[in-house]
Amino acid sequence: MRKVLSVILGGGRGTRLAPLTSVRSKPAVPIGGKYRLIDIPISNCLNSNIRKIYILTQFNSESLHRHINQTYKFDNFTEGFLEVLAASQTIENMDWYQGTADAVRHNMNHFETYSFEQYLILAGDHLYRMNYADFVSHHRKKNADITISVKPASREEAKEFGILKVNEEGRIVKFAEKPTDDKILEEMKSSTGNPEKPYWASMGIYVFNRKTLRQTLIDIPKDDFGGDIIPGAIEDYNVQAFFFDGYWEDIGTIRSFYQANINFTEMKPDFRFVDVNFPIYTHARMLPGSRISNAKVNHSLINEGGLINAKVVKNSVLGIRSVIREGTEVYDSYIMGNDFFETDHKNMIPLGIGKNCVIRRAIVDKNVRIGDNVQIINKNNVSNADEETYCIRDGIVVVKKDVNIPDNTII
């Protein structure tokens with residue numbers, strides 16, 4: 000893997016994940032109570048022995064940069080690097096990134112400084128575990144110009160992804176972006192081995208040969224890999240499929256983000272951060288274990304540094320430094336926790352969740368101050384709403400970062 004460069008795309012706006020992305024980039028969103036989404040592709044790279052990594056950033060990138068700089072430090076004896084390339088204007092180009100392919104095009108001068116044979120193009124906001132060495136080896140074995148990782152999809156799922164028609168040799172012969180027309184859906188069916196999922200969906204991760212990437216970005220002067228570069232390259236290049244059968248989730252909406260986090264509380268979750276041979280790395284904070292007093296905890300994931308005096312915590316994820324006070328009940332929720340410990344709240348609502356509250360089917364962002372006797376339960380069964388301190392998406396209440404919720408509030 001010494002001749003492979005990994006390029007992680009971390010600059011998207013992530014509008015469908017708002018308000019979680021209002022103050023941070025999508026790859027910087029906390030997941031599982033202590034990780035960030037960017038930790039997934041970086042860990043996959045390191046575990047695949049790919050140690051030359053660029054991360055392209057643009058929107059709300061400060062916390063992402065800070066996390067990367069604090070977490071991933073290679074020593075002087077490691078042959079590799081992990082560097083952030085923030086969007087910038089130059090004399091030749093005064094525009095910001097317009098899409099995934101455009102972001103890579105802007106930075107080709109950095110990539111071509113080295114003599115890499117393949118470029119591994121990754122998204123910074125997917126949840127999965129993959130050995131990229133297998134991906135690259137498949138690409139080389141097939142003598143491919145481009146290889147796309149694909150997974151089976153149902154008819155409804157196909158409408159949300161780029162769908163690829165694959166022939167018997169594994170070559171991609173046709174592409175349709177989020178098809179909804181019945182005729183196109185019928186034409187795009189492939190033999191996946193799963194009759195309930197007869198489509199191959201693009202996972203949005205690619206291997207390009209060095210010359211192929213440069214030439215396609217010149218010949219197809221458009222902005223996105225999925226919608227522009229790949230469809231334009233299918234006829235002229237050997238574009239192969241890499242069939243992935245593991246868990247993979249595109250964390251693109253509040254609903255998918257919520258469901259992925261709540262799934263961590265299952266006895267057999269679809270994705271586990273614990274794997275001795277393939278760990279997921281993150282910032283080492285050196286926090287003490289959480290202190291839990293008089294709480295009934297069931298099917299929950301509780302991270303370090305917390306003070307949990309709740310009455311009930313069920314089917315929930317509690318992030319680092321979470322504070323939950325006496326009498327409070329938390330159900331089916333993701334509490335992200337806090338960035339710091341507080342010793343003096345100076346007449347403000349104390350950091351964390353107050354006494355005798357009920358939190359149900361909610362996401363509570365970091366550093367939130369919730370008073371006593373608060374109910375966050377979506378009382379009126381609203382599907383979607385936008386308020387100053389919270390929003391509701393698909394019936395899930397999302398409390399915004401750093402806000403105060405006064406005593407006796409009912410949401």
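Read in numbering that gives the first Met the number 0, the sequence shown has 324 at position 325, and its numbers run on one by one without any break.
Glycine included, C-beta positions come from ideal geometry on N, C-alpha and C.
Quick caveat: nothing in here was measured; it's all calculated off a predicted structure.
Inset, instruction - Leaving out five residues on either side along the sequence, give the residues of the same chain with a beta carbon under 8 Å from the beta carbon of residue 228. - result: As a working note, residue 228 is residue 229 in the sequence shown. The answer, listed in chain order, is 100, 215, 216, 219 and 221.
Legend entry - Validate contact between the region 126-135 and the region 52-64 using beta carbons, cut 8 Å, 3 pairs: No: the two stretches stay apart, fewer than three of their Cβ pairs being nearer than 8 Å.
Inset, instruction - Would you kindly check if the distance between the Cβ of residue 300 and the Cβ of residue 32 is under 8 Å? - result: The residue given as residue 32 occupies position 33 in the sequence shown. The residue given as residue 300 occupies position 301 in the sequence shown. With a cutoff of 8 Å on beta-carbon distance, residue 32 and residue 300 are scored as near each other.
Legend entry - Inter-residue Cα distance where the pair is residue 297 and residue 4: Counting from 1 along the sequence shown, the entry for residue 297 is found at position 298. Counting from 1 along the sequence shown, the entry for residue 4 is found at position 5. Taking the straight line from one Cα to the other gives about 43 Å.
Inset, instruction - Could you round the C-beta distance between residue 315 and residue 264 to whole angstroms and report it? I think they count as a contact, below 8 Å. - result: Along the sequence shown, read from residue 1 onward, the residue named residue 315 stands at position 316. Along the sequence shown, read from residue 1 onward, the residue named residue 264 stands at position 265. Cβ-Cβ separation between residue 315 and residue 264: approximately 7 Å, consistent with a contact (criterion under 8 Å).
Inset, instruction - Count the CB pairs spanning the region 249-261 and the region 323-336 that are closer than 8 Å, and state whether there are at least three. - result: Flag = yes, the region 249-261 and the region 323-336 touch.
Inset, instruction - Report the rounded CA-to-CA distance for residue 144 versus residue 1, giving the unit in angstroms. - result: Reading the sequence shown from its first residue, position 145 is the one you call residue 144. Reading the sequence shown from its first residue, position 2 is the one you call residue 1. The straight-line gap from Cα to Cα measures roughly 19 Å.
Legend entry - Contact under 8 Å by Cβ, residue 309 with residue 319: For the purposes of this step, residue 309 is identified with residue 310 of the sequence shown, where counting begins at 1. For the purposes of this step, residue 319 is identified with residue 320 of the sequence shown, where counting begins at 1. The answer is no: Cβ separation not under 8 Å.
Inset, instruction - Taking 8 Å as the cut-off, decide whether the C-beta atoms of residue 200 and residue 157 are in contact. - result: If you number the sequence shown from 1, residue 200 lands on position 201. If you number the sequence shown from 1, residue 157 lands on position 158. Between residue 200 and residue 157, the C-beta gap is smaller than 8 Å, which places the two residues in contact.
Inset, instruction - Count the C-beta pairs between the region 161-172 and the region 68-86 that are closer than 8 Å, then say yes if the count reaches three, no if not. - result: Short answer: they don't touch.
Legend entry - Close-in-space but distant-in-sequence residues of the same chain around residue 245 (CB under 8 Å, 5 per side omitted): Locating residue 245 in the sequence shown gives position 246, where the first residue counts as 1. So the list reads 127, 128 and 129, once near-sequence residues are dropped.
Inset, instruction - Name the two residues that bound the continuous alpha helix (DSSP H) containing residue 328. - result: The sequence position of residue 328 within the sequence shown is 329, counting from 1. Counting along the chain, residue 328 sits inside no alpha helix (DSSP H); it lies in the beta strand (DSSP E) bounded by residues 328-330.
Legend entry - C-alpha gap between residue 107 and residue 210, whole angstroms: Residue 107 sits at position 108 when you count from the first residue of the sequence shown. Residue 210 sits at position 211 when you count from the first residue of the sequence shown. Straight-line Cα distance between these residues: approximately 11 Å.
Legend entry - Straight-line Cα distance separating residue 280 from residue 39: Counting from one through the sequence shown, the residue named residue 39 turns up at place 40. Counting from one through the sequence shown, the residue named residue 280 turns up at place 281. Computed Cα separation, rounded: 8 Å.
Inset, instruction - Would you kindly check if the distance between the Cβ of residue 373 and the Cβ of residue 356 is under 8 Å? - result: Locating residue 356 in the sequence shown gives position 357, counting from the first residue. Locating residue 373 in the sequence shown gives position 374, counting from the first residue. Judged by beta-carbon spacing, residue 373 lies within the 8 Å limit of residue 356, meaning their Cβ atoms are closer than that value.
Inset, instruction - Under the assumption that residue 37 contacts residue 9 (Cβ atoms under 8 Å), give the Cβ distance between them as a whole number of angstroms. - result: On the sequence shown, residue 37 is found 38 positions in, with the first residue counted as 1. On the sequence shown, residue 9 is found 10 positions in, with the first residue counted as 1. About 6 Å; that satisfies the 8 Å criterion.
Legend entry - residue 13 to residue 148 span [Cα, whole Å]: Translated into the one-based positions of the sequence shown, residue 13 becomes position 14. Translated into the one-based positions of the sequence shown, residue 148 becomes position 149. Their Cα atoms are separated by approximately 22 Å.
Inset, instruction - Please report the residue range of the beta strand (DSSP E) in which residue 313 lies. - result: Reading the sequence shown from its first residue, position 314 is the one you call residue 313. Residues 311-313.
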